[in-house]
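Enquirer: First the structure, which I've put down as structure tokens, then a few questions once you've had a look.
In our numbering, the protein residues as written are 109 to 335.
Take a look at the structure:
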């Protein structure tokens, strides 16, 4: 396989989809900032242009990693942090037990071998180190209804290779970590429609009851730690 295949694909994908400068929203930014904390050596995998990274760069020693060289250049210019080009489908070019925290926001769904990726995270984390990330919630009610009516919402994004429900994500993480806290976020309960001055729909937040979050959230955030 051409070693530049993934690099070229994601440079083109990010440009076509206008992905630079976008994150999953301020709610995820708060979740990641709290999980990472300060005074840490942090690795941000799939950092793109640093739009999410900027929320936890202050007070930390952060390294950004991505397969997109254009995004990495933007990240360096914006945040002044060290970056490294790497294909996250391969072994990570870092020493064992070298990071206090590893971030993987909206990354795991893009990978060919998610389990290999998680084992690599476990290897490079220091004991007690934090692993946090996020991924779309494939079994949200909106997707189920689309599928019921003959649409294929799971395959609209050609960059997504894997799909995770709350339970599937929990099962994966608990194979390698003793505990895994998963928080549904994003999206709305029963729609998000504007009718003049009236806006219908309740946002899914970290305090939303879990059963509702599983059903309606657009994304799933996780936080776990190496023993």
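Ideal Cβ placement from N, Cα and C applies to all residues, glycine included.
Keep in mind that this is a model prediction, so the values were computed, not measured.
Count the other CB atoms, across all protein chains shown, that sit within 10 Å of the CB of residue 312; report buried if there are 16 or more and exposed otherwise.
Expert: Under this definition residue 312 is a buried residue.
Enquirer: Helix, strand or coil for residue 246, going by three-state DSSP, please let me know.
Expert: Coil.
Enquirer: Starting from residue 292, follow the beta strand (DSSP E) in both directions and report where the run begins and ends.
Expert: Start and end: 289-293.
Enquirer: Does the Cβ-Cβ distance between residue 156 and residue 179 come in under 7 angstroms?
Expert: Yes, these two residues count as a Cβ contact at 7 angstroms.
Enquirer: Using the Cα positions of residue 158 and residue 229, report the straight-line distance between them to the nearest angstrom.
Expert: Approximately 20 angstroms between the Cα atoms of the pair.
Enquirer: Using the Cβ count rule (16 or more neighbours within 10 Å means buried), how would you classify residue 196?
Expert: Per the 10 Å Cβ criterion, buried.
Enquirer: What separation, rounded to the nearest whole angstrom, lies between the Cα atoms of residue 271 and residue 223?
Expert: Whole-angstrom Cα-Cα distance: 13 angstroms.
Enquirer: If contacts are defined as beta-carbon pairs under 8 angstroms, then residue 325 and residue 248 qualify, I think. What distance do you get, rounded to the angstrom?
Expert: With a Cβ gap of about 6 angstroms, residue 325 and residue 248 count as contacting.
Enquirer: Can you round the beta-carbon distance between residue 207 and residue 234 to whole angstroms, since I take them to be within the 8 angstroms contact cut?
Expert: 6 angstroms between Cβ atoms; contact.
Enquirer: Here's the rule I'm using: 16 or more other beta-carbon atoms within 10 Å means buried, otherwise exposed. How should residue 251 be labelled?
Expert: Classification of residue 251: buried, given that the 10 Å Cβ count is 16 or more.
Enquirer: Among the candidates 319, 318 and 296, whose CA atom is the shortest distance from the CA of residue 310?
Expert: The option with the nearest alpha carbon to residue 310 is 296.
Enquirer: Report the start-end ranges of each alpha helix (DSSP H) in the region 169-237 that is 4 residues or longer and not cut off at the edges.
Expert: Counting only runs of 4 or more, we get 177-187 and 222-232.
Enquirer: Tell me the rounded alpha-carbon separation between residue 322 and residue 245.
Expert: Approximately 8 angstroms between the Cα atoms of the pair.
Enquirer: Going straight from the alpha carbon of residue 238 to that of residue 254, what length do you get?
Expert: Answer to the nearest angstrom: the Cα atoms are 36 angstroms apart.
Enquirer: Can you tell which of 278, 242 and 192 has the C-alpha that lies nearest to the C-alpha of residue 171?
Expert: When only C-alpha atoms are compared, the closest one is 192.
Enquirer: Between residue 305 and residue 217, what straight-line distance do the alpha-carbon atoms span, to the nearest angstrom?
Expert: Per-residue confidence for residue 305 stands at a pLDDT of 47, beneath the threshold of 50, marking its modelled position as unreliable; no derived number is given.
Enquirer: Whole angstroms is fine: what's the gap from residue 332's alpha carbon to residue 298's?
Expert: So the two alpha carbons sit approximately 30 angstroms from each other.
Enquirer: Just the C-alpha distance for residue 267 and residue 138, rounded to the nearest angstrom, thanks.
Expert: Roughly 26 angstroms between the two C-alpha positions.
Enquirer: What is the residue span of the alpha helix (DSSP H) that residue 318 lies within?
Expert: Start and end: 318-324.
Enquirer: With distance defined between alpha-carbon atoms, name the residue in 315, 335, 269 and 277 nearest to residue 286.
Expert: Comparing Cα positions, the closest option is 335.
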